[in-house]
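Take a look at the structure set out below.
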Amino acid sequence: MAELIRSFTEPENLREVYGVVAVEDEDGELGLADPSAWEIGLPAEGEWLDTGPNGVTLQPSGKGSVHVRYESWSGPPTEVWSADAWSGTILITSGKISALSDVQGDERLHTVFDLGERDAVWNVRVQRKVFENDTEPDFPRHAYHAEFFRLQFWPTAP
């Protein structure tokens, strides 16, 4: 059975979230890893996510605040948290990810989550829930009318 290695929930509402992207620290500056997740583009009309090397772009519904949780697993997680889910593989060149917001052209990276391995293709399951939160323990209670994205990563090779 797979074990949860580590997890992190962004503590704040992510305004104008673009997605979750690979990041690198270069000369003390945090920036997007190469190739840039900006190259993925926004999800197609009617879709809520798209993927490419170094990232997942998200299209929130706009019904409330947006919150993101990252999870690193030893193998495939057994629990499916939401019926609204996508699974596949993604190359993460830096081994580190962060949510990316773009508020009126001002690019902002949020908390960095270390997956623990560079230049790796990861299995990932992205799940989304849109609801009024009064009981969800993994997300902040102040996020009442909200959209929650859970990204679960695990190695492709044992």
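Numbering (this note's numbering), first residue to last: 1 to 158.
Every residue gets a Cβ at the ideal spot worked out from N, C-alpha and C, and that includes glycine.
If you're wondering where the values come from, they're calculated on a predicted model, not measured in any experiment.
Are residue 81 and residue 150 touching if we call contact CB-CB under 8 Å?
Result yes, Cβ atoms of residue 81 and residue 150 sit closer than 8 Å.
Residues bridged to residue 70 (per DSSP):
BP columns for residue 70 point to 8 and 151.
Could you check what DSSP says for residue 79 in three-state terms: helix, strand or coil?
coil
Beta-carbon separation (whole angstroms), residue 24 vs residue 110, contact threshold 8 Å
Not quite, the Cβ-Cβ distance comes to about 15 Å (not below 8 Å), so this is no contact.
If you measure between the beta carbons of residue 64 and residue 147, is that distance less than 8 Å?
yes
Mark residue 5 as exposed unless 16 or more other C-beta atoms lie within 10 angstroms of its C-beta, in which case mark it buried.
By the neighbour-count definition (other C-beta atoms within 10 Å, threshold 16), residue 5 is an exposed residue.
Whole-Å CB distance - residue 67 paired with residue 155, under 8 Å assumed
Their Cβ separation, rounded to whole angstroms, is 26 Å, which puts residue 67 and residue 155 out of contact at 8 Å.
Label residue 137 either buried or exposed according to how many other C-beta atoms from any shown protein chain fall within 10 Å of its C-beta, with 16 as the threshold for buried.
exposed
Cβ-based neighbour list, residue 35, same chain, cut-off 7 Å, excluding 5 preceding and 5 following:
53 and 54
Same chain only: Cβ atoms within 6 Å of residue 59, ignoring 5 sequence neighbours per side:
The beta carbon of residue 59 sits closer than 6 Å to those of 43 and 48, all from its chain and outside the five residues before and after it, given in chain order.
Over what stretch of residues does the beta strand (DSSP E) that includes residue 56 continue unbroken?
55-58
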